[in-house]
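Engineer: Residue 318 is where the sequence shown ends in numbering that gives the first Met the number 0, and the numbering goes up by one at each step.
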Amino acid sequence: MVNKSNIAIKVSGLKKSYGKNKVLTGIDFEVKQGTMLALLGPNGAGKTTAVRILSTLLKPDEGDISIAGYDVLTQADCVRRVIGLTGQSAAVDELLTGRENLVMMGRLYRLTKKSAKLRADELLKDFDLTDAADRPSKTYSGGMRRRLDLAVSLIAIPPIIFLDEPTTGLDPRSRLAMWDIIEKLMASGTTILLTTQYLEEADKLADQIIVIDGGKIIAEGTASQLKSKVGKDRLELTLKDSQAVASAKKILGKAIIGSDDEENTVSLTINDINKDVKNVLEALSKANITIVSMEVHKPTLDDVFLSLTGKQKNKKEEA
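1. To the nearest angstrom, how far is it from the Cα of Lys-31 to the Cα of Thr-96?
2. Does the Cβ of Arg-172 have 16 or more other Cβ atoms within 10 Å, making it buried, or fewer, making it exposed?
3. Out of Pro-41, Gly-168 and Leu-53, which has the shortest C-alpha to C-alpha gap to Gly-12?
4. Quick check: what's the CA-CA separation for Asn-278 versus Ser-292?
5. Put Glu-316 into one of helix, strand or coil per three-state DSSP.
6. Helix, strand or coil: how does DSSP classify Asn-20 here?
7. Taking just the CA atoms, how far does Phe-126 sit from Arg-146?
8. Among Leu-300, Ile-64, Ile-209 and Glu-93, which residue has its Cα nearest to the Cα of Asp-202?
9. Once the 5 residues before and after Asp-133 are set aside, which same chain residues still bring their CB inside 7 Å of it?
10. Leaving out five residues on either side along the sequence, give the residues of the same chain with a beta carbon under 7 Å from the beta carbon of Lys-14.
11. Is it buried or exposed, Asn-313, if we count other Cβ atoms within 10 angstroms and call 16 or more buried?
12. Less than 8 Å between C-beta atoms, sequence neighbours within five positions excluded: which residues of the same chain meet that for Thr-190?
13. Can you tell me where the beta strand (DSSP E) with Ile-154 in it begins and where it stops?
14. Leaving aside the five residues before and after Leu-169 along the sequence, list all residues of the same chain whose C-beta is less than 7 Å from its C-beta, in chain order.
15. In the DSSP assignment, the beta strand (DSSP E) including Leu-192 goes from what residue to what residue?
16. Taking 9 Å as the cut-off, decide whether the C-beta atoms of Phe-28 and Ile-290 are in contact.
17. Inspect the beta-carbon positions of Thr-195 and Ala-44 and report whether they are closer than 9 Å.
18. What would DSSP say about Met-0, mapped onto helix, strand or coil?
19. Three-state secondary structure (DSSP) at Ile-250?
20. Using 8 Å for Cβ pairs, my map puts Ile-64 next to Ile-82. What's the rounded Cβ distance?
21. Return helix, strand or coil for Gly-105, following the three-state DSSP convention.
22. Check Lys-277 in the structure and name its three-state DSSP category.
23. Once you ignore the five residues that flank Ser-4 on each side, which residues in its own chain have a CB closer than 6 Å to its CB?
24. Residue ranges of each alpha helix (DSSP H) run of no fewer than 4 residues wholly in the region 217–244, ordered along the chain?
25. Would you mind working out which of Ile-216, Ala-218 and Ser-223 sits nearest Leu-204, comparing C-alpha positions?
26. Taking the DSSP output, what are the residues bridged to Val-10?
27. Is the Cβ-Cβ distance between Asn-263 and Ala-282 less than 9 Å?
28. To the nearest angstrom, report how far apart Asn-287 and Thr-268 are at their CA atoms.
29. Relative to the C-alpha of Val-303, which candidate in Glu-93, Gly-86, Glu-219 and Met-104 has its C-alpha closest?
30. Apart from the five residues on each side of it in sequence, which residues of its chain come closer than 8 Å, Cβ to Cβ, to Asn-100?
31. With DSSP collapsed to three states, give me the class of Gln-311.
32. Following the continuous beta strand (DSSP E) through Ile-180, name the residue where it begins and the one where it ends.
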């Protein structure tokens with residue numbers, strides 16, 4: 000079957016329960032070819048369950064799911080041919096070298112021995128693993144093993160990739176390296192479904208974001224669209240001392256949404272960054288209140304997450 004539409008992933012009415020525990024209660028979404036959709040949600044929201052179903056590792060209770068035009072239930076073998084999957088932990092053979100892992104996977108995908116070796120060399124270079132290619136993967140650092148794991152999932156150059164928290168547990172430097180690799184995949188036209196515990200990751204990489212809570216979708220849109228729903232820009236002023244803070248409160252009144260007497264700061268929302276900031280500065284200047292520093296804060300995905308779910312960022316996906 001050839002996928003003639005520009006929709007790479009289509010999910011309709013997806014439901015999954017484990018006994019009385021309803022993990023997914025009916026979710027719908029689409030991912031266009033060559034774009035990235037990020038799934039966000041609190042601990043146990045069902046993100047990983049959704050990925051397992053889409054990658055044919057689990058069967059849904061209900062729902063219609065197609066990947067590149069193939070049905071995940073009736074055409075599972077076809078689905079597996081067009082996807083790559085990287086899970087929350089590296090799924091490589093620790094006793095084999097990085098090169099051997101890649102060649103072995105290439106042979107499993109029925110590449111010739113020569114083609115498997117050539118593809119392994121390409122991926123080792125792309126993922127900056129050439130120097131460690133002939134070392135057992137058990138000697139690799141966490142970041143190297145995650146890069147190898149992603150390289151293994153790309154051995155057959157799949158047009159669609161599922162990344163289930165690919166940077167979990169990585170140090171900041173390794174995470175940035177993985178982001179660079181993912182951005183290169185997107186630039187090449189690869190379609191990506193990402194689950195992540197890092198909100199800044201979704202903000203930086205994803206074209207569209209879906210927030211799941213309680214087994215259902217509670218918000219969706221671009222990062223900018225989601226942020227715009229949360230609230231207005233916030234102006235934070237650091238003043239000279241606590242006396243200045245008290246005076247600023249009297250002058251600005253109800254406009255102030257928060258203050259910190261220890262840090263000598265006041266915060267207020269603004270509608271027009273030019274007009275409102277100017278008015279605040281003029282009012283404080285007339286009262287001879289010294290401003291030590293000033294910052295304008297835009298709403299973040301952290302604000303979106305907390306506003307929608309009322310929960311802290313999830314540390315580890317359970318569902």
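Virtual Cβ for every residue (Gly too), placed ideally from N, Cα, C.
If you're wondering where the values come from, they're calculated on a predicted model, not measured in any experiment.
Structural biologist: The short version:
1. Taking the sequence shown and counting its residues from 1, one reaches residue 31 at position 32. Taking the sequence shown and counting its residues from 1, one reaches residue 96 at position 97. The straight-line gap from Cα to Cα measures roughly 36 Å.
2. Residue numbering aside, residue 172 sits at position 173 when the sequence shown is read from its first letter. Looking at its Cβ environment, which holds fewer than 16 other Cβ atoms inside 10 Å, Arg-172 is exposed.
3. Within the sequence shown, the letter at position 13 stands for residue 12. Minimum Cα distance to Gly-12 is reached at Leu-53.
4. As a first step, residue 278 must be located in the sequence shown, where it is residue number 279. As a first step, residue 292 must be located in the sequence shown, where it is residue number 293. Cα to Cα, Asn-278 sits roughly 16 Å from Ser-292.
5. Your numbering for residue 316 matches position 317 in the sequence shown. Its pLDDT being 37, under 50, Glu-316 is placed unreliably in this model, and the coordinates cannot settle the point.
6. Working through the sequence shown from its first residue, we reach residue 20 at position 21. Here Asn-20 sits in strand by DSSP.
7. Taking the first residue of the sequence shown as position 1, residue 146 is located at position 147. Taking the first residue of the sequence shown as position 1, residue 126 is located at position 127. For Arg-146 and Phe-126, the distance between alpha carbons rounds to 6 Å.
8. Position 203 of the sequence shown, counting from 1, holds the residue named residue 202. Checking every option, the nearest Cα to that of Asp-202 belongs to Leu-300.
9. For the purposes of this step, residue 133 is identified with residue 134 of the sequence shown, where counting begins at 1. Answer for Asp-133: Thr-96 and Arg-98, listed in chain order.
10. To locate residue 14, count along the sequence shown from 1; it is residue 15. Hits under 7 Å: Leu-23, Thr-24, Gly-25, Pro-59, Asp-60, Glu-61 and Gly-62.
11. Sequence index remark: in the sequence shown, residue 313 carries index 314 (1-based). Annotation note: pLDDT 39 at Asn-313 (below 50); position unreliable, coordinate value reported separately. With 16 or more other Cβ atoms within 10 Å, it is buried.
12. The count along the sequence shown starts at 1 and reaches residue 190 at position 191. Contacts found: Ala-7, Ile-8, Val-30, Lys-31, Gln-32, Gly-33, Thr-34, Met-35, Pro-158, Ile-159 and Ile-160.
13. Counting from 1 along the sequence shown, the entry for residue 154 is found at position 155. Careful: Ile-154 lies outside any beta strand (DSSP E) and carries neither H nor E.
14. Against the sequence shown, residue 169 aligns to sequence position 170. If we look at Leu-169 and ignore the five residues flanking it on each side, its Cβ neighbours are Gly-141, Gly-142, Arg-145 and Met-177.
15. Against the sequence shown, residue 192 aligns to sequence position 193. 190–194 is the span of the beta strand (DSSP E), which, as asked, contains Leu-192.
16. In the sequence shown, residue 28 corresponds to position 29, counting from 1. In the sequence shown, residue 290 corresponds to position 291, counting from 1. In this structure, Ile-290 does not lie closer than 9 Å to Phe-28 by Cβ.
17. By 1-based counting over the sequence shown, the position of residue 195 is 196. By 1-based counting over the sequence shown, the position of residue 44 is 45. No, the pair does not count as a contact, with Cβ atoms beyond the cut-off.
18. Your numbering for residue 0 matches position 1 in the sequence shown. Confidence at Met-0 is low in this model, with a pLDDT of 49, below 50, so the placement of that residue should be treated as unreliable; the coordinate-derived value is given next. Coil at Met-0, not helix or strand.
19. Mapped onto the sequence shown, residue 250 falls at position 251. Helix, per DSSP.
20. Sequence index remark: in the sequence shown, residue 64 carries index 65 (1-based). Sequence index remark: in the sequence shown, residue 82 carries index 83 (1-based). About 12 Å separates the two Cβ atoms, so there is no contact after all.
21. Taking the sequence shown and counting its residues from 1, the one referred to as residue 105 is at position 106. Helix.
22. As a working note, residue 277 is residue 278 in the sequence shown. Helix.
23. In the sequence shown, counting from the first residue as 1, residue 4 sits at position 5. Closer than 6 Å at the Cβ level, and outside the excluded window around Ser-4, lies no residue.
24. 222–229
25. What you label residue 204 is simply residue 205 of the sequence shown in a count that begins at 1. Leu-204 has its Cα closest to that of Ser-223, out of Ile-216, Ala-218 and Ser-223.
26. On the sequence shown, residue 10 is found 11 positions in, with the first residue counted as 1. Val-10 is bridged to Phe-28 and Ile-64.
27. Residue 263 sits at position 264 when you count from the first residue of the sequence shown. Residue 282 sits at position 283 when you count from the first residue of the sequence shown. No; because the gap between Cβ atoms is not below 9 Å, this pair is not in contact.
28. Position 288 of the sequence shown, counted from the first residue, corresponds to residue 287. Position 269 of the sequence shown, counted from the first residue, corresponds to residue 268. Taking the straight line joining both Cα atoms gives about 22 Å.
29. Sequence index remark: in the sequence shown, residue 303 carries index 304 (1-based). Ranking Glu-93, Gly-86, Glu-219 and Met-104 by Cα distance to Val-303 puts Glu-219 first.
30. Sequence index remark: in the sequence shown, residue 100 carries index 101 (1-based). The residues are Val-91, Asp-92, Ser-136, Leu-147 and Val-151.
31. As a position in the sequence shown, residue 311 is number 312, starting the count at 1. Because the pLDDT at Gln-311 is just 42, under 50, the model does not fix this residue reliably, and the point stays unresolved.
32. Translated into the one-based positions of the sequence shown, residue 180 becomes position 181. Per DSSP, Ile-180 belongs to no beta strand (DSSP E); it is in the alpha helix (DSSP H), 171–186.
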